[in-house]
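J.: First the structure, which I've put down as structure tokens, then a few questions once you've had a look.
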Amino acid sequence: MIELEGVPELVDPVMVAAFEGWNDAGDAASAAVAHLDRVWKGEVFAALDAEDYYDFQVNRPHMWLDGGVRRVTWPTTRLSVVRVGAEGGRGRPRDLVLVRGIEPSMRWRTFCNEILGFAHELGVEMVVVLGALLGDTPHSRPVPVTSVASEEKLARSLGLEESRYEGPTGIVGILQEACAHAGLPAVSLWAAVPHYVSQPPNPKAALALLNALEDLLEISVPLEDLAEDARAWQTGVDQLAAEDSEVAEYVQALEEARDTAELPEASGEAIAREFERYLRRRDPRAPGRGEGPAGRANGPGIVGGGPPPRRTGPEDPEGPRGPEGAEGSRRNRGDRGDRESPENPGDGDDPPAADD
1 MIELEGVPEL VDPVMVAAFE GWNDAGDAAS AAVAHLDRVW KGEVFAALDA EDYYDFQVNR
61 PHMWLDGGVR RVTWPTTRLS VVRVGAEGGR GRPRDLVLVR GIEPSMRWRT FCNEILGFAH
121 ELGVEMVVVL GALLGDTPHS RPVPVTSVAS EEKLARSLGL EESRYEGPTG IVGILQEACA
181 HAGLPAVSLW AAVPHYVSQP PNPKAALALL NALEDLLEIS VPLEDLAEDA RAWQTGVDQL
241 AAEDSEVAEY VQALEEARDT AELPEASGEA IAREFERYLR RRDPRAPGRG EGPAGRANGP
301 GIVGGGPPPR RTGPEDPEGP RGPEGAEGSR RNRGDRGDRE SPENPGDGDD PPAADD
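According to the UniProt record's numbering, the sequence shown holds residues 1 to 356 in order.
What follows is the structure, given as structure tokens:
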């Protein structure tokens, strides 16, 4: 392990992690954590030794020039810290420990133990892992987000349903299982990305994950241009779908299935949650206010010349079938609720990359 600035003293810290790869469809999860790091100006204090966990033929280092001097950036996992809710002396200040990296190529148990070592030393109260997977969900509807808890007591306290997932897993599932064995509460939040438009970026899914994180931690995240990027992304997919009648018919079928499954009371809860977030953002001194640069999203693209076949097996090389390694799961209510089974939500990234 390489310590960059030492370990800071934190206030009621929660660890929020995301990993590029098999459980990061559309790069939505890693983009969400990157957004948190950017808007709150995260300070990196540690990085894991890349030699211990990565195959550099799979995740190659990058070369770049710094004032004419050639530099090399190695693939790794970095930890940074941000302070939330301290502006204006109002709100309950707390720290978020952000973990950003790439799913390791090897030594997963050692990798998780090192992450948990930081969590223990920093006094982390809970770990929240973000993930994204491919599912049969229309791009034109609110992004479904599923919550999964690491143990039964936590699942009951959060009002989660039991998950019976069995199948392949990635580093998200392994890290959550490691938290459970260590007695550290852990929750994972999963956004479902339309499998017919899986290329990154997907700002709409990243926004949905941030909204779910706001609800879970009762904080307000500065969204900046992310909502506008999400609308632009959806408009772009609308235009692409309209150019192919087969895709348009397929999207319409998904929309009808989604709308039929929606419960009337779900929309009421969605409105209430959105209103709560609005009130948190309305007060400039409320927790989570901040400023910072925001990146613009690139345009979307639809896979193939028509709707791809539905993937039905956990052996699918393109990614996972659902949130793994947990005791409880739920669909976030209302505008982020979906009626697909958490055991069969879709796949991860396109091959050859396989990331959890």
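A virtual CB, placed ideally from N, CA and C, is assigned to each residue, including glycine.
Since the model is a prediction, treat every value here as computed from it, not as a measurement.
#1: Identify whether residue 201 lies in helix, strand or coil by the three-state DSSP scheme.
#2: Name the two residues that bound the continuous alpha helix (DSSP H) containing residue 227.
#3: So, are the CB atoms of residue 122 and residue 84 less than 8 Å apart?
#4: Less than 8 Å between the beta carbons of residue 102 and residue 45, yes or no?
#5: DSSP three-state call for residue 221: helix, strand or coil?
#6: By DSSP, does residue 254 sit in helix, in strand, or in coil?
#7: Output yes or no for whether 8 Å exceeds the beta carbon distance between residue 115 and residue 209.
#8: Please state the DSSP three-state secondary structure of residue 175.
#9: Going by the DSSP bridge assignment, what does residue 83 pair with across the sheet?
#10: For residue 107, collect the residues of the same chain with a Cβ closer than 8 Å to its Cβ; drop the 5 residues on either side in sequence, then sort them by chain order.
#11: In the DSSP output, what is residue 115 paired with across the bridge?
#12: For the beta strand (DSSP E) that contains residue 11, what are its first and last residues?
#13: How is the beta strand (DSSP E) around residue 69 delimited, first residue to last?
#14: Between the Cα of residue 192 and those of 58, 206, 239, spot the shortest distance and give me the residue it belongs to.
#15: Could you tell me whether the Cβ atoms of residue 74 and residue 50 are closer together than 8 Å?
#16: Kindly list the residues whose CB is nearer than 6 Å to the CB of residue 95, restricted to its own chain and excluding five residues on each side of it in sequence; keep chain order.
#17: For the segment 239 to 251 against the segment 210 to 218, are there 3 or more C-beta pairs whose distance is under 8 Å?
#18: Just the Cα atoms here: how many angstroms apart are residue 186 and residue 37?
#19: Please say whether residue 202 and residue 26 have beta carbons closer to each other than 8 Å?
#20: Could you tell me the distance, in whole angstroms, from the CA atom of residue 241 to the CA atom of residue 251?
#21: According to DSSP, simplified to helix, strand and coil, what is residue 40?
#22: State buried or exposed for residue 76, treating a residue as buried only when at least 16 other CB atoms are found within 10 Å of its CB.
#23: With DSSP run on the structure shown, which of helix, strand or coil describes residue 66?
#24: Considering only residues of the same chain and omitting the five flanking positions on each side of residue 357, which have a CB-CB separation below 7 Å?
#25: Can you give me the Cβ contacts of residue 70 inside the same chain, cut-off strictly under 8 Å, excluding the 5 residues immediately before and after it?
T.: Inspection of the coordinates gives the following:
#1: Along the sequence shown, one-based indexing puts residue 201 at 201. Looking at residue 201 - three-state DSSP - the assignment turns out to be coil, as it is neither helix nor strand.
#2: Residue numbering aside, residue 227 sits at position 227 when the sequence shown is read from its first letter. Element bounds for residue 227: 226 to 242.
#3: The sequence position of residue 122 within the sequence shown is 122, counting from 1. The sequence position of residue 84 within the sequence shown is 84, counting from 1. Taking 8 Å as the Cβ cut-off, residue 122 and residue 84 do not qualify as a contacting pair.
#4: For the purposes of this step, residue 102 is taken as the residue at position 102 of the sequence shown. For the purposes of this step, residue 45 is taken as the residue at position 45 of the sequence shown. Contact: no.
#5: Mapped onto the sequence shown, residue 221 falls at position 221. Looking at residue 221 - three-state DSSP - the assignment turns out to be coil, as it is neither helix nor strand.
#6: Along the sequence shown, read from residue 1 onward, the residue named residue 254 stands at position 254. Here residue 254 sits in helix by DSSP.
#7: Sequence index remark: in the sequence shown, residue 115 carries index 115 (1-based). Sequence index remark: in the sequence shown, residue 209 carries index 209 (1-based). For residue 115 and residue 209, no; Cβs fall outside 8 Å.
#8: Walking along the sequence shown from the start, residue 175 turns up at place 175. Helix, per DSSP.
#9: Within the sequence shown, the letter at position 83 stands for residue 83. DSSP output for residue 83 lists 95 as bridge partner(s).
#10: Locating residue 107 in the sequence shown gives position 107, where the first residue counts as 1. Once the five neighbours on either side are set aside, the close Cβ partners of residue 107 are 52, 53.
#11: Taking the first residue of the sequence shown as position 1, residue 115 is located at position 115. In the DSSP output, where bridge partners are listed per residue, residue 115 has none listed.
#12: Locating residue 11 in the sequence shown gives position 11, counting from the first residue. Note, residue 11: premise wrong, no beta strand (DSSP E); not H, not E.
#13: Working through the sequence shown from its first residue, we reach residue 69 at position 69. 69 to 73 is the span of the beta strand (DSSP E), which, as asked, contains residue 69.
#14: As a working mapping, residue 192 is identified with position 192 in the sequence shown. Nearest option by C-alpha distance: 206.
#15: Translated into positions along the sequence shown, residue 74 becomes position 74. Translated into positions along the sequence shown, residue 50 becomes position 50. Yes, these two residues count as a Cβ contact at 8 Å.
#16: Working through the sequence shown from its first residue, we reach residue 95 at position 95. So the list reads 10, 11, 13, 81, 83, once near-sequence residues are dropped.
#17: no
#18: Working through the sequence shown from its first residue, we reach residue 186 at position 186. Working through the sequence shown from its first residue, we reach residue 37 at position 37. So the two alpha carbons sit approximately 20 Å from each other.
#19: Taking the sequence shown and counting its residues from 1, the one referred to as residue 26 is at position 26. Taking the sequence shown and counting its residues from 1, the one referred to as residue 202 is at position 202. In this structure, residue 202 lies closer than 8 Å to residue 26 by Cβ.
#20: Locating residue 241 in the sequence shown gives position 241, counting from the first residue. Locating residue 251 in the sequence shown gives position 251, counting from the first residue. Rounded to the nearest angstrom, the two C-alpha atoms are 8 Å apart.
#21: Working through the sequence shown from its first residue, we reach residue 40 at position 40. The answer is coil: DSSP assigns residue 40 none of H, G, I, E or B.
#22: Against the sequence shown, residue 76 aligns to sequence position 76. It is buried - the Cβ of residue 76 has at least 16 other Cβ atoms within 10 Å.
#23: To locate residue 66, count along the sequence shown from 1; it is residue 66. In the structure shown, residue 66 sits in a strand (DSSP, three-state: E or B).
#24: Any property of residue 357 remains undetermined from this structure, which presents the chain solely from 1 to 356.
#25: For this step, residue 70 is matched to residue 70 along the sequence shown. Once the five neighbours on either side are set aside, the close Cβ partners of residue 70 are 63, 64.
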